[in-house]
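Below: one structure, written as structure tokens.
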Amino acid sequence: MKSKMFFFVLVLVLISTLLFAQDLKKAGRYYVAEIEKKFDVSKGGNLIMDDIRGDVHITTWNKNVVQINETRKMDVYTEHEAKAVLKDLKSIYKQSGNTVKVGAEGSYRSYMSSKFKIVVPTVFNVDVDTKGGDVSVADLQGEVKLNTSGGDLNIKKIDGVVNAKTSGGDVTVEKTTKDVTVKTSGGDIELLDVEGEVNAKTSGGDIEIKNNKAKVVAKTSGGTIELTNVGAEIDAHTSGGDIIVNGSKGSLAVSTSGGDIELKNINDVINAKTSGGDIEADNVLNGIKAKTSGGDIKLEDIKGFIEAATSGGDVEAEMTLTDFSKDHHVTLRSSGGNLKLYIPAKLPATIDATIKISGSSMRDYNILSDFPFAIENI
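Residue numbers for the sequence shown follow my numbering, so the first one is 218 and each next one is one higher.
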């Protein structure tokens, strides 16, 4: 009887070992394990991934199940070491109520990395923190929080608040319904069709935003900002690049320390400033304030007041205002260039044009006009 029992236990152990070995294979210098986990949940739950290392790809389905497929690559010497790593799976995958947690402090070592393919219910919240991989989330109704130390973030079709941060990659967000906050220390940011407010910041890349319906705050320390068809106010600043805006229904405040500013089709007041470039604006429905320390200013089709000043270039401004009840004052200044102003024929205005010359000058300075006026030497 004892020998039969011993044989039965031995067979079970052998079968278990064989089944376990099927999930583990040798691939070059690495041992690779294919792991699948399923958790029964309900709508509105949470997926939390913390202290993991590798790429994460999250999609949705119409099932109340979270399914996780992990491909784990381990840089270990023996199969015994690889199996020892896999024994820790129970502490890595946990469920508490309607929350599924993946990862634990110290559970992912430098000698291993993973790729996760995860499917969650359509109505679910996602919170992912990975040490060094790309993260993508799509077709989700819930809050999205993503953080990676060294990869790209791709977020698409989200009905919820988005908060995304990467230390060394690009961020792409497309078709979201609520507020979006994105930050990268070394990559580009691209936002398309965002309905909520946007706060985008990068320390070393470009920012491109298209078809945003709410307020936009965009800041970069070393790149270009390009905004197209924004439905509310804009606050954009770059320390080392250009700013291009085409289409804005709200007020506009833009500044750059080392580039040009190009603005078109703006429905509200503009405040534009650059320390080392040109400013161009076309088709502005309200007033504009433009200032540059080292470039030219060219303003066309301005249907409101104009204030333009440059320390080292020319200023050319065209006012096309027809509603003279609106504020239509004009102030143009240049410390070292020419001023040219075009105004409507019937504009009710008093013109005061002054040229100030310090010291002697070999150059002739004149004030020219299409209509007669008196010139007085002071």
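Glycine included, C-beta positions come from ideal geometry on N, C-alpha and C.
**Asked** In terms of residue numbering, what span does the alpha helix (DSSP H) encompassing residue 302 cover?
**Response** Within the sequence shown, numbered from 1, the residue matching residue 302 stands at position 85. It spans 296 to 303 - the alpha helix (DSSP H) in which residue 302 sits, taken as one unbroken run.
**Item:** 6 Å Cβ shell around residue 527 - same chain, five flanking residues per side excluded
**Value:** Numbered from 1 along the sequence shown, position 310 holds the residue referred to as residue 527. Around residue 527: 509, 514, 551.
**Prompt:** Out of curiosity, what's the CA-to-CA distance linking residue 512 and residue 370?
**Reply:** Position 295 of the sequence shown, counting from 1, holds the residue named residue 512. Position 153 of the sequence shown, counting from 1, holds the residue named residue 370. Their Cα atoms are separated by approximately 37 Å.
**Message:** For the beta strand (DSSP E) containing residue 511, name the first residue and the last one.
**Reply:** Translated into positions along the sequence shown, residue 511 becomes position 294. Segment: none, residue 511 is in no beta strand (DSSP E) and carries neither H nor E.
**Prompt:** Is residue 505 helix, strand or coil when you go by DSSP?
**Reply:** The count along the sequence shown starts at 1 and reaches residue 505 at position 288. If DSSP states are grouped into helix, strand and coil, residue 505 belongs with the strands.
**Item:** Bounding residues of the beta strand (DSSP E) (the contiguous stretch that carries residue 558)
**Value:** Here residue 558 is taken as the residue at index 341 of the sequence shown, counted from 1. Taken as a continuous stretch (DSSP letters only), the beta strand (DSSP E) holding residue 558 covers 556 to 559.
**Item:** residue 312: CB within 7 Å of a non-hydrogen atom of the ligand COA
**Value:** For the ligand COA, the structure offers nothing, since it holds no ligand at all.
**Asked** In or out: residue 389 buried (at least 16 other Cβ within 10 Å) or exposed?
**Response** In the sequence shown, residue 389 corresponds to position 172, counting from 1. Classification of residue 389: buried, given that the 10 Å Cβ count is 16 or more.
**Request:** Taking 8 Å as the cut-off, decide whether the C-beta atoms of residue 546 and residue 564 are in contact.
**Result:** Numbered from 1 along the sequence shown, position 329 holds the residue referred to as residue 546. Numbered from 1 along the sequence shown, position 347 holds the residue referred to as residue 564. Their beta carbons are not under 8 Å apart, which means residue 546 does not touch residue 564 by this criterion.
**Request:** Using the Cα positions of residue 566 and residue 560, report the straight-line distance between them to the nearest angstrom.
**Result:** Start at 1 with the first residue of the sequence shown, and residue 566 comes out as number 349. Start at 1 with the first residue of the sequence shown, and residue 560 comes out as number 343. If I take the Cα positions, the gap works out to 10 Å.
**Asked** Roughly how many whole angstroms lie between the Cα atoms of residue 456 and residue 474?
**Response** The residue you call residue 456 lines up with position 239 of the sequence shown. The residue you call residue 474 lines up with position 257 of the sequence shown. Distance between the alpha carbons of residue 456 and residue 474: 5 Å.
**Message:** So, at 6 Å on beta carbons, what are the nonlocal neighbours of residue 396 in its own chain, with the 5 sequence-adjacent residues on each side left out?
**Reply:** Within the sequence shown, residue 396 is the residue found at index 179, counting from 1. Taken in chain order, the residues that qualify are 378, 413, 414.
**Asked** With a CB to CB cut of under 6 Å and the five nearest residues on each side skipped, what residues in its chain are close to residue 303?
**Response** Locating residue 303 in the sequence shown gives position 86, where the first residue counts as 1. Cβ neighbours of residue 303 beyond the five flanking positions: 250.
**residue 500 to residue 481 span [Cα, whole Å]** = Residue 500 sits at position 283 when you count from the first residue of the sequence shown. Residue 481 sits at position 264 when you count from the first residue of the sequence shown. Computed Cα separation, rounded: 6 Å.
**Request:** Spatial neighbours of residue 461 within its chain, please: CB distance less than 6 Å, with the 5 preceding and 5 following residues excluded, ordered by chain position.
**Result:** If you number the sequence shown from 1, residue 461 lands on position 244. Cβ neighbours of residue 461 beyond the five flanking positions: 443, 479.
**Message:** Can you list, in chain order, the residues of its chain with a C-beta nearer than 6 Å to that of residue 588? Leave out the 5 residues immediately preceding and following it.
**Reply:** Position 371 of the sequence shown, counted from the start, is the residue given in the question as residue 588. None.
**Proximal residues to residue 453 (C-beta, below 6 Å), its chain only, five neighbours per side dropped** = For this step, residue 453 is matched to residue 236 along the sequence shown. These residues qualify, in order along the chain: 435, 442, 460, 471.
**Message:** Less than 6 Å between C-beta atoms, sequence neighbours within five positions excluded: which residues of the same chain meet that for residue 428?
**Reply:** Numbered from its first residue, the sequence shown carries residue 428 at position 211. Within the same chain, residue 428 has close Cβ partners 410, 446.
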